[in-house]
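Each residue of the sequence shown is one higher than the one before, starting from -11 at the first, in the numbering used here.
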Amino acid sequence: MTAVAERAPAWARGGTNVQGLSFPEAIERAGIGFEVQTCPARAAIPTDPGDPNGNYSIQPIRDRQHTYRTDTLLPLGDVGPRYHVVQTRQIQGFVEEIVGGGWQPEWAAPFRGGRAVFIVGRLPFPTSEEVSPYLAVVNSFDGSSGLRLANTPIRPACTNAIKRTFARASAAISIRHTVNLSARVEDVRQALKLSEAYYERLEDEISALLMTQLDEDRISSVLDPLYEFKPSKEKEGDLRAVERNEQKRAQFRNHWQTTPTLDRSNRETAWGLLQATTEWEQWHSRNSGTPKFSEAILGAQLGLMPAVTKADRVQRLILGWEPYLLA
C-alpha cells in the first residue's frame, strides 16, 4: 500500500527529473543520449549439433540486421533491412515542430534496458481537475515501435494512470524509422491535433461517467468477475477460496467508500467505481510497489507493452451499460 502523498506517476518511478532543462540537457541528464548503430545480423550455428560445447560456424542472416549501443556495445534488437536508426538527439527539432510551444520535458529515462527511451512533458491544455494532460515522446531501437507520440494522462488526485483509446481520437501515433522522417512533419502535426481531440473526448467520457449512477446490480456486475470463484477439486479448498474472495471484495468496497481521493459527489458514480478500482490495483495490490509492475503500467501507457488490467475490464463493462453511451 502506497500513501497518496508518496505516489508518483509511472514515468517518474525510475525516471529522471529533467524539469527546467533543454531537450539536449534532458536526454544527457537522463542517460538516453547514447548513439545507436546497426550491423549485419549473424547466427552462430553448431558445427556438430550433437555437441553443445563444440565449435560454431558464424553465418549471415539474410535481410536482417542488429541494432546496438555504440557506448556499451549492448545489442538492442533485430530489425529489417529498411530500418533506419533515428537518434534521440536528432528528434528535438521534429518534436518541437509537431508539438509547438508549451511542451517541455519533465521526466525521461531508458525503457526495457535501453531498447526504447521516453521523454514526458505536460501539455498546455485546459482540463478539469480530474485529469492532467501529458504527452510522451518515445524512441525505440528494437523495431517494436517507430518514433511514437503518446497521450499519457494521469488523475492527479490519486496519481492513477489513465488508459483509453477512442474511435475518433487516438491515444498515440507512431512514425516508422525511415530516412524520410522529416518529410512526415506536416502529416504528423495534423494528426497531433489528436492530443486536443483526445483530451476533449476524455473529458466528455469522464462527464458521462460522473452522470452514470450505480445500483447494486451494476456494482455486482463489476465485482463478480473481478472476484470470481473458481471451484477446485477439494471441498475444503473451495471454502477457503470463497472466504478469500469475500475478504478481497470487502477490502475493496471499504477502500472505495473511504479513499480520500474520491469526494462524496462522485463516489457513487461509474467514474468513482472505475477510479477506485484503478487506484486499488495500481497502489494497493500485492505487486504494486515492484519495478516490474511499474514497468508494465508505464509500458501500457506508452503503448509499448500489452497490459490488460482489472480497470480495463471494469471500463469495458461500464461502457456496455445503459443509459451510458459515448460513441
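Backbone N, C-alpha and C fix where the C-beta goes; we use that ideal spot for every residue, glycine too.
Close-in-space but distant-in-sequence residues of the same chain around residue i (CB under 7 Å, 5 per side omitted)
i	result
V6	A14, R17, A18, P93, E94, W95 and A96
A32	Y44 and I46
F240	W268
R237	L211 and Y215
R30	I46, Q47, P48 and I49
A(-9)	none
Per-residue burial, residue i [other beta carbons within 10 Å of its own, 16 or more giving buried]
i	result
L316	Since the first and last residues shown for the chain are -11 and 315, residue 316 lies out of range.
Q263	buried
P98	buried
N148	buried
A315	Summary for A315: the model assigns pLDDT 41, below 50, so the residue's position carries little reliability; its value from the coordinates is reported in the next sentence. It counts as exposed.
N139	buried
E117	exposed
A159	buried
T246	exposed
G8	exposed
I49	exposed
L227	exposed
Q235	exposed
Q303	buried
G308	exposed
S183	buried
G38	exposed
Sequence-distant residues of the same chain with beta carbon closer than 8 Å to residue i, five excluded per side
i	result
P12	G21, R77 and Q80
E269	S276, T297, K298 and A299
L62	Y56, G101 and G102
S273	F281
D36	G42 and N43
V73	V24, Q25, T26, T55, F129 and H165
Within 8 Å, strictly: CB atoms of residue i and residue j
i	j	result
T55	F129	yes
R57	G102	yes
Q47	V67	no
P144	Y122	no
W271	R(-5)	yes
V210	L305	yes
F106	Y187	no
L368	G90	The question about residue 368 has no answer, for the chain in this structure spans -11 to 315.
A(-2)	Q289	yes
V126	V83	no
S282	R1	yes
I150	V119	yes
P28	D51	no
N233	Y215	yes
R301	P213	yes
Y71	T26	yes
Neighbourhood of residue i by C-beta, 6 Å cutoff - its chain only, sequence neighbours within 5 removed
i	result
L313	With a pLDDT of only 48 at L313, under the threshold of 50, the placement of this residue in the model should not be trusted; the figure read from the coordinates follows. Excluding positions up to five away in sequence, the list is empty.
C146	T249 and E267
W244	A264
Per DSSP, cross-strand counterpart(s) of residue i
i	result
A149	I142
T55	T26 and G65
Q201	T257
S120	I142
W95	N5 and V108
V126	F106 and R136
I163	L135
A0	In DSSP, A0 forms no bridge with anything.
C284	In the sequence on display, residue 284 carries Ala and not Cys. In the DSSP output, where bridge partners are listed per residue, A284 has none listed.
Y44	P34
Cβ of residue i within 8 Å of any chain B Cβ
i	result
I161	Any reference to chain B falls outside this structure, which holds one protein chain only.
TODO: Kindly confirm or deny that the stretch 201 to 215 and the stretch 126 to 146 touch, where touching means at least three C-beta pairs closer than 8 Å.
DONE: no
- [ ] State whether the stretch 249 to 268 contacts the stretch 191 to 202, with contact taken as three or more CB pairs (one from each stretch) at a distance under 8 Å.
- [x] yes
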